[in-house]
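Worksheet: one structure, shown below.
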Amino acid sequence: MGRAKQKPPEGKIPGAEDFTREAVYRAVLKDTLQHPLTLMPAVASTLGGLYMGLFGAGPNAAAVTFAGALLAAGAWVVNYFIRGEELAEQRVAKLRKLRDRHRHDQTMSLEVEWSKAGLAEGVQQARELREVYHKLETFLSGRLEAAGGVRGNTASGFNVQRLMVLAEDTYREGVDILRAALATYQALRQIDHEKLNRELEAWQQELESVSAGGDASRIKSLETRIQSHQRRLELFKQRVASVDQLFAQSEALESALETTYLETVDLGNTDTLFVRGHSATALERAVNAARRVEDRLREMEGPRKEDDVYLAAGEVQD
Numbered sequence: 166m167g168r169a170k171q172k173p174p175e176g177k178i179p180g181a182e183d184f185t186r187e188a189v190y191r192a193v194l195k196d197t198l199q200h201p202l203t204l205m206p207a208v209a210s211t212l213g214g215l216y217m218g219l220f221g222a223g224p225n226a227a228a229v230t231f232a233g234a235l236l237a238a239g240a241w242v243v244n245y246f247i248r249g250e251e252l253a254e255q256r257v258a259k260l261r262k263l264r265d266r267h268r269h270d271q272t273m274s275l276e277v278e279w280s281k282a283g284l285a286e287g288v289q290q291a292r293e294l295r296e297v298y299h300k301l302e303t304f305l306s307g308r309l310e311a312a313g314g315v316r317g318n319t320a321s322g323f324n325v326q327r328l329m330v331l332a333e334d335t336y337r338e339g340v341d342i343l344r345a346a347l348a349t350y351q352a353l354r355q356i357d358h359e360k361l362n363r364e365l366e367a368w369q370q371e372l373e374s375v376s377a378g379g380d381a382s383r384i385k386s387l388e389t390r391i392q393s394h395q396r397r398l399e400l401f402k403q404r405v406a407s408v409d410q411l412f413a414q415s416e417a418l419e420s421a422l423e424t425t426y427l428e429t430v431d432l433g434n435t436d437t438l439f440v441r442g443h444s445a446t447a448l449e450r451a452v453n454a455a456r457r458v459e460d461r462l463r464e465m466e467g468p469r470k471e472d473d474v475y476l477a478a479g480e481v482q483d
């Protein structure tokens with residue numbers, strides 16, 4: 166695992182891979198090696214060794230060199246082997262605080278925003294996603310406390326932590342998807358598609374009537390208008406369909422969280438869940454699938470500037 170995974174920077178949200186036993190203890194190893202009680206005596210020992218190499222092995226230089234090496238090694242042994250589990254638990258707590266900080270503003274506000282938008286289905290999707298995540302998080306938190314964190318039962322504690330992070334990743338992706346759906350829905354509300362349909366129908370009828378007269382300029386004008394409205398209406402349908410797809414992905418994430426909760430309760434042992442259960446990998450698959458759909462919809466909607474022109478042209482005028 167790369168070095169960046171060992172100690173996530175402040176701007177990076179720690180992922181499930183950062184909560185594995187190997188990643189946490191690798192970070193603890195790095196921190197203990199860089200601890201002042203290890204680093205400073207080691208530097209003194211190195212300088213003493215350089216002095217002896219340049220000017221000979223005097224008693225003072227030898228004492229500083231060997232004493233520094235002994236202190237550095239002793240401090241590292243105490244920190245890593247004796248206090249290692251305590252430092253690992255502090256590491257996990259720090260990672261969770263970083264995640265909580267990023268998640269703080271992504272909870273109840275989503276339901277309020279959907280309520281303001283006036284779509285009951287969006288409110289329901291946001292509420293159900295939050296409720297099933299809260300249920301699973303509460304259950305896993307109880308399991309983690311019963312396991313004594315990462316101290317009481319190291320393997321079990323880390324398994325629970327990893328599952329909690331996977332569940333949180335799933336919830337966060339669900340929130341992101343519902344926010345994307347909300348933004349699209351709010352944009353669609355600005356479009357009077359019924360007016361576009363009425364104008365399109367009127368122009369099509371006029372085109373049929375003037376075609377026989379041979380007014381080329383009028384025919385060209387009507388054909389241009391008809392094509393423009395057809396493109397706008399097609400874009401409108403695509404955006405409506407994208408909201409439905411995003412809701413479907415939100416449902417899939419909610420189902421993955423619910424399945425994980427039921428499977429965890431049924432197996433009764435979080436370690437067994439990673440051996441016999443399928444929900445841990447199901448959470449990862451659900452998140453990856455949702456991200457692919459979100460990226461595909463973003464690619465479809467984002468880069469095409471003419472779409473914005475068509476949508477803007479269809480806005481209701483006061």
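Take any residue in the sequence shown, note its place counting from 1, add 165, and you have its number in the working numbering. Heads up, the beta-carbon is just placed ideally off N, CA and C, and yes, glycines get one too. Because the structure is a prediction, the values reported are computed rather than measured.
Closest by C-alpha distance to residue i, when choosing among the options
i: residue 210; options: 412, 279, 309 and 230; result: 230
i: residue 306; options: 391, 279, 330 and 448; result: 330
i: residue 338; options: 295, 388, 357 and 354; result: 295
i: residue 397; options: 370, 372, 291 and 356; result: 356
i: residue 360; options: 401, 381, 250 and 382; result: 401
i: residue 416; options: 340, 382, 372 and 383; result: 340
i: residue 198; options: 358, 380, 373 and 238; result: 238
i: residue 403; options: 258, 220, 352 and 274; result: 352
i: residue 405; options: 449, 213, 363 and 354; result: 354
Beta-carbon proximity of residue i to residue j, cut-off 7 Å
i: residue 349; j: residue 408; result: yes
i: residue 241; j: residue 203; result: yes
i: residue 365; j: residue 332; result: no
i: residue 459; j: residue 342; result: yes
i: residue 206; j: residue 249; result: no
Cβ-Cβ separation, residue j to residue i (assumed contact under 8 Å), whole Å
i: residue 335; j: residue 421; result: 6 Å
i: residue 193; j: residue 236; result: That belief does not hold up - the Cβ atoms of residue 193 and residue 236 are roughly 20 Å apart, past 8 Å.
i: residue 227; j: residue 217; result: 7 Å
Residues of its chain near residue i, where Cβ-Cβ distance is below 8 Å and the 5 sequence neighbours each way are ignored
i: residue 284; result: 350
i: residue 293; result: 419
i: residue 368; result: 387, 390, 391 and 394
i: residue 200; result: 240, 241 and 244
i: residue 411; result: 342, 343, 345, 346, 349, 458, 459 and 462
i: residue 375; result: 383, 384 and 387
i: residue 282; result: 347, 350, 351 and 354
i: residue 372; result: 384, 387, 388 and 391
i: residue 430; result: 304
i: residue 363; result: none
i: residue 208; result: 233
i: residue 486; result: The structure shown does not extend to residue 486, since the chain spans only 166 to 483, so no value can be given for it.
Any non-hydrogen atom of the ligand SAH within 6 Å of residue i CB
i: residue 449; result: What this structure holds is no ligand at all, so the ligand SAH is not there to describe.
Spatial neighbours of residue i in its chain, beta-carbon cut-off 6 Å, leaving aside the 5 residues before and after
i: residue 470; result: Low confidence applies here, because residue 470 scores a pLDDT of 49, under 50, leaving its location unreliable; read the following figure in that light. Result list for residue 470: empty, nothing under 6 Å.
i: residue 370; result: none
i: residue 243; result: none
i: residue 414; result: 342, 455 and 458
i: residue 168; result: Reliability fails at residue 168, whose pLDDT of 38 lies under 50, so the model's placement of it is uncertain and the value that follows must be treated cautiously. Same-chain partners within the cutoff: there are none.
i: residue 452; result: 334, 335 and 338
i: residue 449; result: none
i: residue 358; result: 401
Chain-order list of residues whose beta-carbon lies under 7 Å from that of residue i (same chain, five-residue window excluded)
i: residue 185; result: 323 and 327
i: residue 279; result: 287, 288, 291 and 347
i: residue 298; result: 332, 336 and 422
i: residue 256; result: 189, 192 and 193
i: residue 275; result: 291, 340, 343 and 344
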